[in-house]
Amino acid sequence: MAYNLIILAVIFFLSLGQVSLSGGILAPGIFPDLIMVLSVFWVSYFGIERKIGWIVTAGFFLDLAAGETVGKNIFLLALIAYATSYFSGKLLLSGEAGKFFLMMAFIAAGTLINEILGRTLTLLVLNDGFRFALLAGREVFLKTFFNLIFFALIYFPVNKLEKTFFVQKEEIKI
Amino acid sequence: MTHKLSSKKTLRLIFILGCCLFLVFLNPKKVFNPFFEIFFKLSLPFQKIFYTLSQKTGNTLIFWSSLNEIREENEKLIKENRALLVETAGQKELQRENEELRKQLGLIPGKNFSLEASFVIGQNPQKLGSWILIDKGENSGITTGMPVIVSQGILIGKVEEVYADTAKVILLTDSESVINVRDLETEAKGVVRGKFGLGLVLEMVSQDDMLNAGDSIITSGLGGDLPKGLLVGKIQEPKVSLDRIFQGATVAVPVKYSNLDVVFVIKN
Numbered sequence: 774m775a776y777n778l779i780i781l782a783v784i785f786f787l788s789l790g791q792v793s794l795s796g797g798i799l800a801p802g803i804f805p806d807l808i809m810v811l812s813v814f815w816v817s818y819f820g821i822e823r824k825i826g827w828i829v830t831a832g833f834f835l836d837l838a839a840g841e842t843v844g845k846n847i848f849l850l851a852l853i854a855y856a857t858s859y860f861s862g863k864l865l866l867s868g869e870a871g872k873f874f875l876m877m878a879f880i881a882a883g884t885l886i887n888e889i890l891g892r893t894l895t896l897l898v899l900n901d902g903f904r905f906a907l908l909a910g911r912e913v914f915l916k917t918f919f920n921l922i923f924f925a926l927i928y929f930p931v932n933k934l935e936k937t938f939f940v941q942k943e944e945i946k947i
Numbered sequence: 021m022t023h024k025l026s027s028k029k030t031l032r033l034i035f036i037l038g039c040c041l042f043l044v045f046l047n048p049k050k051v052f053n054p055f056f057e058i059f060f061k062l063s064l065p066f067q068k069i070f071y072t073l074s075q076k077t078g079n080t081l082i083f084w085s086s087l088n089e090i091r092e093e094n095e096k097l098i099k100e101n102r103a104l105l106v107e108t109a110g111q112k113e114l115q116r117e118n119e120e121l122r123k124q125l126g127l128i129p130g131k132n133f134s135l136e137a138s139f140v141i142g143q144n145p146q147k148l149g150s151w152i153l154i155d156k157g158e159n160s161g162i163t164t165g166m167p168v169i170v171s172q173g174i175l176i177g178k179v180e181e182v183y184a185d186t187a188k189v190i191l192l193t194d195s196e197s198v199i200n201v202r203d204l205e206t207e208a209k210g211v212v213r214g215k216f217g218l219g220l221v222l223e224m225v226s227q228d229d230m231l232n233a234g235d236s237i238i239t240s241g242l243g244g245d246l247p248k249g250l251l252v253g254k255i256q257e258p259k260v261s262l263d264r265i266f267q268g269a270t271v272a273v274p275v276k277y278s279n280l281d282v283v284f285v286i287k288n
C-alpha cells in the first residue's frame, strides 16, 4: 500500500514537472522526458510484467497534465516499454555497470522513438506537418543528453526504493 | 514456453495499443473533461509552485551566466540614460498627440478593460509558443475565446479550453492561431498567423497598401472576437507573396513567451 502511494505520488509529480518545469530551466523542446526515462528504467531493471500497469497510469497522468489528447502518451510509453522489454531480453548483461550502460542505450533509443512517433501522432491528429519537419538533430541530441542526466540522477534513489520494498515483501513471504 | 510468453506479451501490447487508439477517438467527444477537471484541481497548487520555481531558477541561471554582459550593458545604459534625459523634454508633447490619435482611431486604453490577472502554471512540454495553462477558469468568469494580454496591453493569445480553475490559452505563435490586424501607421489591413510556435507572419495585405519595417501591428477588431487596438508586434521584414497578389511580413513578437509569469484575461 505504502509502495503504491509512493509510486503514484512520484508519477504524479514527474508528470507535473514535465509540464510546469519546462521553459524556465530548459527550453520545452529539450526538457527531459521524465516519465519516459522512469518507464525505460523500470522495464529494463524490474521487467515489464511488474511495471506495465504503472507505465499506463503514468502515460494517462502525463496526458492529463499536458492537456493533450488522452491516449497519446500511453500509446508511446507502452510501445517504448515493450520495445525495451524485447531488447533487454535479447541483450543480457551481467554486472551493475553493464546494466547501467545498457539502460542508457535504451533511453537514447527511447528518446528517438518518442520524438519521431510523438511528432508523427501530432501530424496525424493535428495535421501539423511542419512540427514533424522540425525534428532537429541538435534538439534531439540535447534532449537525449538531458534524459541521460536525469536517468543518472534517479538511478540510485529509484533502485533503493524498489529494493527496499521488494526485500521487505520477500522477508514477509519467508 | 518462451514462445508462449512472447505471444502473450505481443497480445497484451496489441490490446493496450488498441485501447489507446480507442481513447484517442473518444477525445473529441469531451469524455475526459471530468478527469481533466479533477486532475487540474489536485495539481493546481503544485503546478504554481513548480512553474514559479522553474522561472526563478532559470532567471537566476541567466543572471549569473551574464554578469559580465550586465556590467557592460550597465555602462552603456548610463550613457543612453543621459541622452534620454534630454529627449524626455519633448515627450510630453508626444504624449498629448498620442492621446489625440488614440481618440481618432477609436482605440480602447488598457485601463478600460475588465481584466482578470492570472498566473501561468504550465506550457506545452513538446514545443514552445504553442499554448500555456493559466490558474483561472470558469469560476473566475473566464470563457473560451477571451483575449489574453500582458501588462502593457500586448496580445499574446486567446482562451481555447476552460476548466473550473484553469484554462488553456492558445498563443498567437501557434500554427492554429489567426487574427485580424492592421498596421497602425499605414492603416493596411491583413491577418496575422502563427508560424508553428516560432513567430508570427502578416499575410493577406493588399498590394496597394504600404508596409514598412518597424510599423506597429494592432488588432483591427474585425470579426468581433478581439477588441480593437491591442498591440500584436512590429513589422520586421515586408515581402511580396509568391502569387504576387498580396504582400506580407514577418512580425517581431514583443514578449518572450517562455518567460511569461502573469497574464491578464480581458473579460468584457
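Going down the list, the protein sequences come from chains F and R.
For the first sequence, the working numbering assigns the number 774 to the initial residue and increments by one for each residue that follows.
For the second sequence, the working numbering assigns the number 21 to the initial residue and increments by one for each residue that follows.
Using N, Cα and C, we set each Cβ at its ideal position, and we do this for glycine too.
Just so we're clear, the structure is a prediction, and the values are computed from it rather than from any experiment.
Given that a residue counts as buried once 16 or more other Cβ atoms are within 10 Å of its Cβ, and exposed if not, what is T163/R?
Answer is exposed; the Cβ neighbour count stays below 16.
Buried or exposed: where does Q67/R fall if 16 or more other Cβ atoms within 10 Å of its Cβ makes it buried?
-> Its Cβ being crowded by 16 or more others within 10 Å, Q67/R is buried.
*Would a check of beta-carbon distances place Y818/F closer than 8 Å to chain R?*
Residue contact with chain R for Y818/F: absent (no Cβ-Cβ distance below 8 Å to any residue of chain R).
Status (buried if at least 16 other CB within 10 Å, exposed otherwise) for S74/R:
Of the residues assessed, S74/R falls on the buried side of the cut-off, its CB having 16 or more other CB atoms within 10 angstroms.
CB of L837/F within 8 Å of CB of I808/F, strictly = The Cβ-Cβ distance between L837/F and I808/F does not fall below 8 Å.
Cβ contact check for the region 836 to 852 of chain F and the region 774 to 784 of chain F: 3 or more pairs under 8 Å:
No contact exists between the region 836 to 852 of chain F and the region 774 to 784 of chain F.
- If I255/R sits next to L222/R, beta carbons under 8 Å apart, how far is it from one beta carbon to the other, in whole angstroms? Confirmed, about 7 Å.
How about V783/F: is its C-beta nearer than 8 Å to some C-beta of chain R? By this cut-off, V783/F is not an interface position.
Rounded to whole angstroms, what's the CA-CA distance from I286/R to M166/R? Just pull it up for me. One Cα belongs to I286/R, the other to M166/R, and the distance between them is close to 6 Å.
Worksheet entry | Collapsed DSSP secondary structure at M224/R in the structure displayed | Here M224/R sits in strand by DSSP.
What does V931/F touch in chain R if you count any residue whose Cβ is under 7 Å from its own? By Cβ distance, chain R contributes nothing, its closest Cβ being about 20 Å from V931/F, past 7 Å.
query: From F284/R to F139/R, what distance separates their C-alpha atoms?
result: One alpha carbon belongs to F284/R, the other to F139/R, and they sit about 9 Å apart.
field: V931/F, DSSP secondary structure in three states
entry: V931/F sits in a helix when the DSSP states are folded into three classes.
Review point. In its own chain, which residues sit with a C-beta less than 7 Å from the C-beta of I128/R, not counting the 5 before and 5 after it?
Key: Any reading at I128/R needs caution, since the residue's pLDDT is 49, under 50, leaving its predicted position unreliable; the model's value is listed next. Once the five neighbours on either side are set aside, the close Cβ partners of I128/R are P247, K248 and G249.
To be precise: take each residue of the region 132 to 144 of chain R, compare its Cβ to all Cβ atoms of chain F, and keep it if any distance is under 7 Å. Which residues remain?
Residues of the region 132 to 144 of chain R that bring their beta carbon within less than 7 Å of a beta carbon in chain F comprise I141, G142, Q143 and N144, in sequence order.
Quick check on DSSP: helix, strand or coil for S861/F?
Here S861/F sits in helix by DSSP.
Nearest-angstrom Cα distance between V271/R and D203/R? If you take the alpha carbons of V271/R and D203/R, they lie about 11 Å apart.
Just verifying my parser: in three-state terms, what is the DSSP assignment at S86/R? Reduced to three states, the DSSP call for S86/R is coil.
Q: Tell me whether the beta-carbon of K933/F lies closer than 8 Å to the beta-carbon of P805/F.
A: No; because the gap between Cβ atoms is not below 8 Å, this pair is not in contact.
On the DSSP bridge assignment, give the partners of S236/R in chain order. K254/R.
query = In three-state DSSP terms, what is G832/F?
reply = In the three-state scheme derived from DSSP, where H, G and I count as helix and E and B as strand, G832/F is classed as helix.
- Helix, strand or coil at S150/R according to DSSP, with G and I counted as helix: Secondary structure at S150/R: coil, using DSSP grouped into helix, strand and coil.
**Study point:** Under 9 Å from the C-beta of L864/F: neighbouring residues of chain R
**Key:** Going along chain R, no residue has its Cβ under 9 Å from L864/F, so there is no contact; the nearest lies around 15 Å.
Take N920/F and list the residues in its own chain whose beta-carbon comes closer than 7 Å to its own, dropping the five residues that flank it on each side. Taken in chain order, the residues that qualify are P805, D806, V810, I880 and T884.
Query raised in the report: What are the boundary residues of the alpha helix (DSSP H) that G790/F is part of?
Result: Membership of G790/F in the alpha helix (DSSP H) is indicated by the continuous run A775 to S793.
- Message: Mapping the DSSP letters down to three states, classify T206/R as helix, strand or coil.
- Response: Looking at T206/R - three-state DSSP - the assignment turns out to be coil, as it is neither helix nor strand.
Practice task
Rounded to whole angstroms, what's the CA-CA distance from S226/R to R102/R? Just pull it up for me.
Solution key: So the two alpha carbons sit approximately 43 Å from each other.
- request: Excluding the 5 residues preceding and the 5 following V792/F in the sequence, name in chain order all residues of the same chain whose CB lies nearer than 6 Å to its CB.
  value: Within the same chain, V792/F has close Cβ partners A838 and A839.
- Message: Pull the bridge partners of Q267/R from the DSSP assignment, please.
- Response: In the DSSP output, where bridge partners are listed per residue, Q267/R has V225/R and V260/R.
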